[in-house]
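A.B. asks: This structure is in C-alpha cells; I'll ask about it shortly.
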Amino acid sequence: MNNNLNYPYLLAVHALCVDGQLHKNELQFLQSLAKTIGIEPATEAAAELILAQTDQHLNQDIILQRIVPEQRLLALSLVALATHFDGVLDRTEQRLLEQLRQRWNISNDVFEQIQSQACKEAQRLISELKTTSRNEVSTGAKMLSGLETVLGKTVVDRVVGVLGSESMKERIEDYRIEALLSGPKYDKAISECRDVGLRDIEIADTCLHATVHALKEIESKLDAQIAEIQLQIGDKPAQAAREALRTMREDRAEIIRVINQELQEFQELQIKKRRAMNYYTIAFMGRSKAGKSTLHAVVTGGGWDQIGVGRQNTTRLNRVYEWNNIRIIDTPGIATPGGEELESVAESIIDEADLICFVVTNNNQQTSEFEFLKQLRRKGKPLLMLLNVKEDLSHPVRLKRFLEKPEQAFSEDKDRLGGHIDRIRRDAADHYGTSSFPIIPVQLLAAQIAQQQPEHEHAKTLMKSSRLQHFLDSVRLSLLDEGLLRRSQNLLGSTVTDIERPFHYLNARSEFYIKFSNEISERAKDSVQRLKKAQDDHARQLEQDLRGIFAALQQEVPDFAEDHWDDSESSLNDAWSDAIRYFGMEKKINDAQENSLIAFSNDMKELLDEVNQEINLQRKLSYSSNKLDEQDSSVWFSKTLQWGSGLAGLGIAVVALANWWNPAGWVWGAVAAVGFIASLFESKASKRRKAVAKISSALESQIEKQEKQIVEDALMHFREQCFLGAAEVKEYFRLSSDGLNFVGKTLGNGAEKLQEQSRILNTHFAARIIDFAGHKPSESSAQALRNQINEVRRKVGESINIEVSSKMRVPKNMNIIESVIQEKITLQKAGV
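Note that our numbering numbers the sequence shown so that position 294 is 329, with each residue one more than the last.
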C-alpha cells in the first residue's frame, strides 16, 4: 500500500463514480482539481484505475482507512464538491455524504456549511465551463446557412456541382456538419424543448407528489386500523383477535416494505427527470463491442482519450457528454455473460433518455441483445437503430475496395446488408413489439479513422463514405422536428409507467385481499356446519364411551357385594372407594372426555388445514391466471400458507371432574340402611344373600343415577368447550375477513388515486400529441385540447386510444406522429 497517495483526492474520484455516471464536466473538474492541489503521478494512476472501475482499483473502504483525522474535513469538502459538480445530487451521492458525516462524527452545522459551499462553488465552476466551452460558428458555416435559407439546399448543390472544385465541395460538407446543430432554428428548437420540459416536469412532479402522498396515506390508514383493534382488545384474552391482529401486522409490514421501495424509486426518478430536463438526451445502448463508445467518441469530436478514461476497453459506467445542447450518454454493454452489474448500470439511464440509439452490428447478432428492448418498450422509449457495418479497413485491399465503391458496403440486397436489416427488424419486433423504427447503417471505423487521423490522405472521403452524416441528420431531425414531442414522451408519457408499476401492485393486492376476505367468509359458514357435525359425532362417541365405562363398573358390583356383604358401614364405604380407584373410574371418565375434546380439536385443525389448502390452491391458480412474476407470487403465496397457523392453541380444555365426582358419597346411606334392617330378622345365610342383593341393588341404582348425572355433566362440559373452540374459530374467521377486507379496500383506494395520476399524465401527453400534429404546437393550444379530451386508454409502448369531443377537428397526419412516438394512435370522437 502506497501511503504517499493523496487519499482525499481519491475519495473524491470515487464520489464521481458512485451514481453510475461519469460526466464530462466532472472529469474536467477532476483535471482542474489535480492541477490545483498538485496530484502526483502515482495518485493520478490510482485515480485512472478507479475511473475505469478495473479489478485492481483501490476500493472505497481502503481509502477511508487511509484518511487521517486532520484530512477528514478536506476529504468531505472535496467529496461534496465532486457530488455537486454534475448539477444534481442523487440518492447514492446523498447516502455517501451522510455515511462520511456519521463515520467521522461531523456536526450538522459544519456538514451543512460544507454542503452549501460545495453547491455554490460547483455552480460557479459549471457556469465558467459553459462560457469557455461555447463554440462559435465559423463565417463560412453562417454564410452557407444563409444561402440555403434563401435559395434552398438543392439550388446550392446544383451551383456547387457545376462551378465548385473538389476542395470547395468538401468544405461545403464540412460547413453543413458544423451548421447542423447551430443557428437560429436550432437555438429556437432547444429553447422550445427546454420550455416544454419545464412545463411538463411540473406536471410530472405534481403527479409523482400525489402518488407519494397516496402511498404514504396507505401506511397511515393501516397503522390507524391496527391501533384501533389493539385499543379494543386491551388486556382481554381475545386470542382470536390477537391472532388476526398479528396477521394484519405481518401484512402491513410486507406492504410497507414494498411501498418504501417505491418511494425510493420515485425519489430517484424525480432526480433523473430533473437531470434530463434541460437537455435533449440520447443514450447509446447495445451489447459490448458493438461500437457505442466509438460512436460516442466520433459524434462528440474527441471521445474519452482526451479526458482520461480511454484506456479501458469496456465501458463500466454511464459516460455523459453535453454536445451542442444535446446530452449524449455512452452506456456499458448489455447481454454479456456475467455482466449483470454492468447491465444494471446501463438500465439506470433509461428514464433520462428522450431517444435510445441502439447499436448493433452486421456480424454476430444475438437474440439476447434484442431481449433488452422489452425494457425500452415497457418504458415507452422511442428507438433509433444504428447498424454498425463492420469491416477491417486497416487492411489495404479492403480499404481500397471501400473507397472505390462505398455504396457496396451499404447495399440492401438480401445477400448483403438487406438480409441483416430484415433479421434485425424481425428479432427486434419480437421484443420491442414493432418494427416501425429507423435503422441507419454507418461504417463507424471509417469515421473513426477520419477523425483520429486527419492527416490521412483519404480522411475526407472516409468520413463522407462512413454515412455518419445520415445518423447526424437523424439526430437533427429528432431534435428539431420531433424534439418537443419526444420531451413530453419522456417527461409525461414514460412517467406513466413508473406510476402504473405501484398501481398494478396495489390493484392486484387489493383484489387478492378482498377475494381472500370473501373466501374466508364463505369458509366460515361451511366451517360452522362442519364443526357442529363434528361436535355431535364426538358427543355421541363420548356418551357411548361413558356408558361403556359405567356398564363395566356395574359388572364389578356382584363380586364387590359378595366380598363385603357383612362389612361395617365405614369399612364398606372405604372398600367401595378403593374399588372405584382400582377400577380407575375417574381416569377413565377423564380420558373419555379428553379423547373426545382432542378428537374435536383435531377435526377443527383438519378443517382449518383443508380450508388453508383449498385457499392456497385457489391463490396459486390466481397467480397463474394473473401472470404475476415469480418473486411477487412467492412472497404473497407464502402469506396464505401462514394463514390460520396460530389457531392450534385456541381454547379447548378438559376440566377436572372434582366438581361432580365423589365415589364415596354414592352408597354410604344405602349400605348402612341395608345392614341395620338385616341384622334384626335374618339368619346368617339369609342375611348374607339378602345383604348381597341389597348392596348390589343399592350400588346399581346409585351407579345408574350417577351415570345419568355424569353423562349429562360431561356432555354439557364437552359442548361448552366445543362451543368455545368453534366460537374462537368463527371469531378468527370474522376478524380475519374484516381485516383483509379493510386492507383490500385501503389498497384499492390507493390504487384509484394512482390511476387518477396516470390518467392526468396520459391526458396531458395525448394533448401534446394532438397539438404536435397540428404543426403549430403551443401551451395555449395544448391546454384547449386537454379540455376536449374525454378519455385516454393507453398501453405504454404499444398503443394510445384518445376519445375526444365530437366538435374537435382531428388531424389527418397521425401516422407521422405514430412513427415519432412508436405507439399506435387511435383518435375517436365521442358518440361515434
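Backbone N, C-alpha and C define an ideal beta-carbon position, used for all residues, glycine too.
Go ahead and pull the three-state DSSP assignment for Ser-67.
C.D. replies: In this structure, Ser-67 counts as helix in the three-state DSSP scheme.
A.B. asks: Report buried or exposed for Glu-263, applying the criterion of at least 16 other Cβ atoms within 10 angstroms of its Cβ.
C.D. replies: Per the 10 Å Cβ criterion, exposed.
A.B. asks: Excluding five sequence neighbours on each side, which residues of the same chain lie with their C-beta closer than 6 Å to the C-beta of Ala-485?
C.D. replies: Closer than 6 Å at Cβ, skipping near neighbours: Ala-494, Leu-497 and Met-498.
A.B. asks: Considering only their Cβ atoms, is the gap separating Ala-370 from Gln-401 smaller than 8 Å?
C.D. replies: Yes. Within cutoff.
A.B. asks: Do you know offhand how far Asp-389's Cα is from Ile-361's?
C.D. replies: Near 10 Å, if we compare the C-alpha coordinates of Ile-361 and Asp-389.
A.B. asks: Enumerated in chain order, which unbroken segments of the beta strand (DSSP E) with a length of 3 residues or greater are wholly contained in the stretch 357 to 441?
C.D. replies: The qualifying runs are 361 to 365, 390 to 396 and 418 to 423.
A.B. asks: Go through its chain and collect everything with a Cβ distance to Arg-346's Cβ below 6 Å, but skip five positions before and after it.
C.D. replies: Note that Arg-346 scores 44 on pLDDT, short of 50, meaning its location in the model is unreliable; the coordinates nonetheless yield the value given after this. None.
A.B. asks: If I follow the unbroken alpha helix (DSSP H) through Asn-608, where does it start and stop?
C.D. replies: Note, Asn-608: alpha helix (DSSP H), 604 to 618.
A.B. asks: With distances taken from CA atoms, which of Glu-147, Leu-643 and Val-333 is nearest Lys-560?
C.D. replies: Looking at the Cα atoms, Leu-643 is the closest of the given residues.
A.B. asks: Which of helix, strand or coil does DSSP assign to Tyr-42?
C.D. replies: In this structure, Tyr-42 counts as helix in the three-state DSSP scheme.
A.B. asks: Considering only the alpha carbon of each residue, which of Gln-265, Asn-295, Leu-298 and Val-293 lies closest to Met-283?
C.D. replies: Comparing Cα positions, the closest option is Gln-265.
A.B. asks: Using DSSP with H/G/I as helix, E/B as strand and the rest coil, what is Pro-812?
C.D. replies: Three-state DSSP puts Pro-812 in coil, outside helix and strand.
A.B. asks: Would Arg-829 and Asn-850 be called neighbours here (beta carbons separated by less than 8 Å)?
C.D. replies: Result no, Cβ atoms of Arg-829 and Asn-850 do not sit closer than 8 Å.
A.B. asks: Measure from the alpha carbon of Glu-357 to the alpha carbon of each residue in Phe-319, Ala-245 and Tyr-314, then state which is nearest.
C.D. replies: Ranking Phe-319, Ala-245 and Tyr-314 by Cα distance to Glu-357 puts Tyr-314 first.
A.B. asks: Buried or exposed for Ala-80, please, with buried defined as at least 16 other CB atoms from any protein chain shown within 10 angstroms of its CB.
C.D. replies: The residue is exposed, with fewer than 16 neighbouring Cβ atoms inside 10 Å.
A.B. asks: Applying the criterion that 16 or more other CB atoms from any shown protein chain within 10 Å of the CB defines a buried residue, is Tyr-17 buried or exposed?
C.D. replies: The structure shown has nothing for residue 17, since the chain only spans 36 to 867.
A.B. asks: List the residues that DSSP assigns as beta-bridge partners of Phe-319.
C.D. replies: Answer is Asp-365 and Cys-392, bridged to Phe-319.
A.B. asks: Between Lys-392 and Leu-411, which are expected to be in contact by the criterion C-beta below 8 Å, what is the C-beta distance as a whole number of angstroms?
C.D. replies: Checking the sequence shown, residue 392 turns out to be Cys, not Lys. So it is not a contact: roughly 11 Å between Cβ atoms.
A.B. asks: Look at the alpha carbon of Glu-530 and the alpha carbon of Asp-125, and state the distance between them as a whole number of angstroms.
C.D. replies: Here the sequence assigns Thr to residue 530, which means Glu is not the residue at that position. Each residue's alpha carbon lies about 18 Å from the other.
A.B. asks: Per DSSP, Gln-56 is paired with what?
C.D. replies: Paired residue(s): Asn-353.
A.B. asks: Is the stretch 136 to 155 close to the stretch 63 to 70, with three or more CB pairs under 8 Å?
C.D. replies: Contact fails: fewer than three Cβ-Cβ distances are below 8 Å.
A.B. asks: Is it buried or exposed for Asn-637, if we count other Cβ within 10 angstroms and need 16 for buried?
C.D. replies: The residue is exposed, with fewer than 16 neighbouring Cβ atoms inside 10 Å.
A.B. asks: Grab me the residues of Ala-245's own chain with a C-beta within less than 6 Å of its C-beta, minus the 5 sequence neighbours each way, in chain order.
C.D. replies: Cβ neighbours of Ala-245 beyond the five flanking positions: Gln-792.
A.B. asks: Whole angstroms are fine: how far does the CA of Leu-519 sit from the CA of Asp-230?
C.D. replies: Distance between the alpha carbons of Asp-230 and Leu-519 is about 9 Å.
A.B. asks: Among residues of its own chain, excluding the 5 on either side of Ile-534, which ones have a beta-carbon nearer than 8 Å to its beta-carbon?
C.D. replies: For Ile-534, where only same-chain residues beyond five positions count, the Cβ hits under 8 Å are Cys-242, Leu-243, Thr-246, Leu-789, Gln-792, Ser-793 and Leu-796.
A.B. asks: Could you check whether Pro-372 and Leu-874 sit closer than 8 Å to each other, using their CB atoms as the reference points?
C.D. replies: Outside the shown range of the chain, which is 36 to 867, sits residue 874, and nothing can be said about it.
A.B. asks: Based on Cα-Cα distance, which residue from Arg-511, Tyr-42 and Ser-552 lies nearest to Lys-220?
C.D. replies: Selected option, being the one with the closest Cα: Arg-511.
A.B. asks: Cβ of Leu-527 within 8 Å of Cβ of Asp-235?
C.D. replies: For Leu-527 and Asp-235, yes; Cβs fall inside 8 Å.
A.B. asks: Would you kindly report the start and end of the unbroken beta strand (DSSP E) that includes Asn-825?
C.D. replies: That run of the beta strand (DSSP E) goes 824 to 830.
A.B. asks: By a C-beta neighbour count over all protein chains shown, 10 Å radius and 16 as the cutoff for buried, is His-430 buried or exposed?
C.D. replies: Exposed, because fewer than 16 other Cβ atoms sit within 10 Å of the Cβ of His-430.
A.B. asks: Here's the rule I'm using: 16 or more other beta-carbon atoms within 10 Å means buried, otherwise exposed. How should Thr-189 be labelled?
C.D. replies: Classification of Thr-189: exposed, given that the 10 Å Cβ count is below 16.
A.B. asks: At a cut of 8 Å, does the stretch 766 to 782 reach the stretch 545 to 556 through at least three beta carbon pairs?
C.D. replies: Enough Cβ pairs lie closer than 8 Å, so yes.
A.B. asks: Would you please state the rounded distance, in angstroms, between the beta carbons of Leu-479 and Leu-330? I believe it to be under 8 Å.
C.D. replies: The Cβ separation is near 6 Å, so the contact holds.
A.B. asks: Taking its Cβ as the centre, do 16 or more other Cβ atoms sit within 10 Å of Tyr-44, making it buried, or is it exposed?
C.D. replies: So Tyr-44 ends up on the buried side.
A.B. asks: Here's a check: name, in chain order, each residue in its chain whose Cβ is nearer than 6 Å to the Cβ of Asp-54, leaving out the five neighbours to either side.
C.D. replies: Excluding sequence neighbours, Asp-54 sits near Asp-125, Thr-127 and Glu-128.
A.B. asks: Do Glu-278 and Pro-537 have their C-beta atoms within less than 8 Å of each other?
C.D. replies: Against a cut-off of 8 Å, the Cβ pair of Pro-537 and Glu-278 comes out as no contact.
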